[in-house]
Amino acid sequence: PSSTFLPLLLDDARPAIASATLAARLAAEHDITRLDVVVANAGASSGFRDVLELQDVEGELVHDFVANAVGPVKLFRGVWPLLKEGGERKFVLVSSVMGSIGGLGEEMLPGLACKAAANFFARKLGLGFKGEGLLVGVVHPGWVKTPMGQAVADAVNMKEPTMTVEESAAKVVERIDALTAETSAKFLSYDGRELSW
556 PSSTFLPLLL DDARPAIASA TLAARLAAEH DITRLDVVVA NAGASSGFRD
606 VLELQDVEGE LVHDFVANAV GPVKLFRGVW PLLKEGGERK FVLVSSVMGS
656 IGGLGEEMLP GLACKAAANF FARKLGLGFK GEGLLVGVVH PGWVKTPMGQ
706 AVADAVNMKE PTMTVEESAA KVVERIDALT AETSAKFLSY DGRELSW
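Start counting the sequence shown at 556; every next residue gets the next number (the numbering used here).
Below, the structure is given as structure tokens:
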């Protein structure tokens, strides 16, 4: 097996490159008519602050929800025609343990509510499309040394994240490879532990 990186611009404000055109564009431009695995890994944050520190409550929350919760929904809708034709039929959401409602700590980081919303979507997707053979993974990648990971560290007065991008990516791939009907629609850590929703 091999992989090819094909960047595709998606902009729902421009009908020709809207997320709804994704399957048709992949087929027409790259002769891709099936996908086995799709990973929703993009994320964004307007900041990690206490709810009273938000400058533009609606703007910041909407920004984060569009990127982190609405984005994976649009991606799934755009690729489902190709996933249906694939052999493995795996849709994987890279989430965050900080989106766990059951694991909330003292930190009040309202922007992470969007991760809980994305987790909800992924779980419902896994249950709702089970009969179609879809496997849905929801994976916490660890606390990764990225700009966003460092922003979280700064927000909670910690030095730095604990994992490199390479370490995290390898663990996420392990979770994807190990995804089965038994682990579908569960929230798992990079090390395979089941996490609280």
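Quick reminder that beta carbons are idealized off the backbone N, C-alpha and C, glycines included.
Range covered by the beta strand (DSSP E) that runs through residue 594: Under the DSSP assignment, residue 594 falls in the beta strand (DSSP E) whose first and last residues are 592-595.
Just the Cα atoms here: how many angstroms apart are residue 706 and residue 563? Using only the alpha carbons, I get a separation of about 28 angstroms.
Distance CB(residue 669)-CB(residue 624) smaller than 8 angstroms: yes
With 16 other CB atoms within 10 Å as the buried threshold, where does residue 558 fall? exposed
Anyone know if the C-beta pair for residue 743 and residue 658 falls short of 8 angstroms? no
Mind the definition here: the stretch 673-688 touches the stretch 573-587 only if three or more C-beta pairs lie below 8 angstroms; say whether that holds. Too few Cβ pairs lie closer than 8 angstroms, so no.
Report the three-state DSSP secondary structure of residue 584 (helix, strand or coil). helix
Cutoff 7 angstroms; reference residue 727; Cβ partners in own chain excluding five residues on either side: 649, 694, 696 and 745
What does residue 692 pair with, by DSSP beta-bridge criteria? By DSSP's assignment, residue 692 forms a beta bridge with 647 and 741.
Could you check what DSSP says for residue 699 in three-state terms: helix, strand or coil? Strand at residue 699.
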